[in-house]
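So the structure is just underneath, and the comments pick up after that.
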Amino acid sequence: MRTSIKRTFLSFDRPRVRNIKQHKVCIAPSIMGGDLACIGAEAQRIAQSGADLIHIDIMDGHFVPNFTFGPGTIAAINRSTDIFLEVHAMIYSPFDFIEAFVQSGADRIIVHFEASENLKELLSYIKKCGIQAGLAFSPETSIEFIPSFLPLCDVILLMSVHPGFCGQSFLPEVSDKIRFTKKAIQLAGLEGKCFIEVDGGITEESGKVCREAGADILVAASYVFQQDGLTIEEKVSLLRGENHGIK
């Protein structure tokens, strides 16, 4: 990890900056759970489902024991849809990739608390690029660190599984972390400016637990894409708590 990083302000043209839809609870399907052989079509399916954004997991094989995508994949998704794109960078040395992620079409970049020693500089740099910034916390990390970073964040992402793979079981203790973070946001006077996102093991049942605790955004992969007779549109509605007769 780096100890001293200097960056100049980026000077490139972003083709567009998208706004996220505003629902009481926003749903962010993770495209990692889709059919990666036709990722552009999967991005379009998500966009047409009523979901609010696409969550793109970037893994480097070091911070987590898995590999996924790079800037080229973000660009391909960006060409396929106009939906808000959120990059979840599960990587070491994230500074080295911020410009590439932004140029590829990211509207928000979330970095991990555990992956950098220069977090405040990193978050400020992301925001200077003209996009949103977020900070993720793995399950083993103390939530006591969260309040000091709130002014620099558009979202705080709380991992409800250990990062790296789809299909893991939801860790219910995240509900206490959601409540803690909600209170910290209120005390900081940042309601409506900083939001709580939960990622990992999200289903209709665990989504309800997170919503009731105060989560604003739910990331779901396996649940959204698994073949069980329900459409992605129906899954998105169920995750929001909108049953509407869906069985």
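According to my numbering, the stretch in the sequence shown is residues 993 to 1239, in order.
Note that beta-carbon positions come from the ideal geometry of N, C-alpha and C, so glycine has one too.
Taking residue i as the reference, which of the options has the closest Cα?
i	options	result
residue 1172	1142, 1059, 1211 and 1156	1142
residue 1167	1156, 1208 and 1046	1208
residue 1196	1080, 1182 and 1226	1226
residue 1122	1101, 1074 and 1020	1101
residue 1110	1041, 1087 and 1095	1087
residue 1119	1129, 1091 and 1140	1091
residue 1059	1203, 1080 and 1117	1080
residue 1189	1067, 1129, 1220 and 1097	1129
Determine, using beta carbons only, whether residue i and residue j come nearer to each other than 9 Å.
i	j	result
residue 1052	residue 1078	no
residue 1144	residue 1115	yes
residue 1046	residue 1033	no
residue 1108	residue 1085	yes
residue 1154	residue 1131	yes
Helix, strand or coil: which one does DSSP assign to residue i?
i	result
residue 1004	Note that residue 1004 scores a pLDDT of 45, beneath 50, so its modelled location is shaky; the value from the coordinates is reported in the next line. Of the three classes helix, strand and coil, the one that applies to residue 1004 here is coil, per DSSP.
residue 1218	coil
residue 1097	coil
residue 1021	strand
residue 1226	helix
residue 1048	strand
Kindly identify the DSSP beta-bridge partner or partners of residue i.
i	result
residue 1144	In the DSSP output, where bridge partners are listed per residue, residue 1144 has none listed.
residue 1137	None, per the DSSP bridge assignment.
residue 1078	1047 and 1100
residue 1125	1101
residue 1212	1021
**Prompt:** What are the start and end residues of each continuous beta strand (DSSP E) run of 3 or more residues lying completely inside the segment 1160-1193, in chain order?
**Reply:** 1187-1191
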